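Numbering (UniProt numbering), first residue to last: 1 to 118.
Below, the structure written as structure tokens:
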């Protein structure tokens with residue numbers, strides 16, 4: 001079932017917060033076992049890159065509204081969520097996942113990327 005079909009099954013009052021979220025796109029979920037244990041690429045001081053942050057939409061059982069739960073962020077030109085095991089891929093494909101554009105800034109001092117815009 002596609003993300004659009006899943007969202008059409010959600011009652012309008014629950015879907016409203018999702019529909020009002022800016023920049024949301026449905027990611028492609030792919031299996032890339034060779035990425036297991038791979039980290040982010042290294043950068044240079046002040047370097048910026050584009051990517052995406054991925055979130056699961058879940059219904060809050062008390063309020064019956066949709067809430068966002070962070071999954072991961074990736075430096076990538078497209079909203080592609082890379083699963084590293086078949087189990088992970090199967091789980092993610094059953095969830096309502098969205099991707100939001102993110103900007104990454106390299107910090108030489110900490111030797112890691114920081115999300116500066118999400």
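Positions of the beta carbon are idealized from the N, C-alpha and C atoms, including for glycine. Every value quoted in this text rests on a predicted model; they were computed, and no experiment measured them.
Beta-bridge partners of residue i, as assigned by DSSP
i: residue 48; result: 105
i: residue 40; result: In the DSSP output, where bridge partners are listed per residue, residue 40 has none listed.
i: residue 28; result: 80
i: residue 59; result: 66
i: residue 75; result: 51
Supposed contact pair residue j and residue i - C-beta distance, whole angstroms, cut 8 Å
i: residue 55; j: residue 70; result: 6 Å
i: residue 47; j: residue 58; result: In fact, because the Cβ distance is near 34 Å, the residues do not count as touching under 8 Å.
i: residue 41; j: residue 80; result: Rounded, the Cβ-Cβ distance is 15 Å, inconsistent with contact.
Beta-carbon proximity of residue i to residue j, cut-off 8 Å
i: residue 44; j: residue 113; result: no
i: residue 30; j: residue 93; result: no
i: residue 28; j: residue 98; result: no
i: residue 33; j: residue 84; result: yes
Which of helix, strand or coil DSSP assigns to residue i
i: residue 94; result: helix
i: residue 85; result: coil
i: residue 111; result: coil
i: residue 35; result: helix
Contact between the segment 35-52 and the segment 98-105 (3+ Cβ pairs under 8 Å):
Flag = yes, the segment 35-52 and the segment 98-105 touch.
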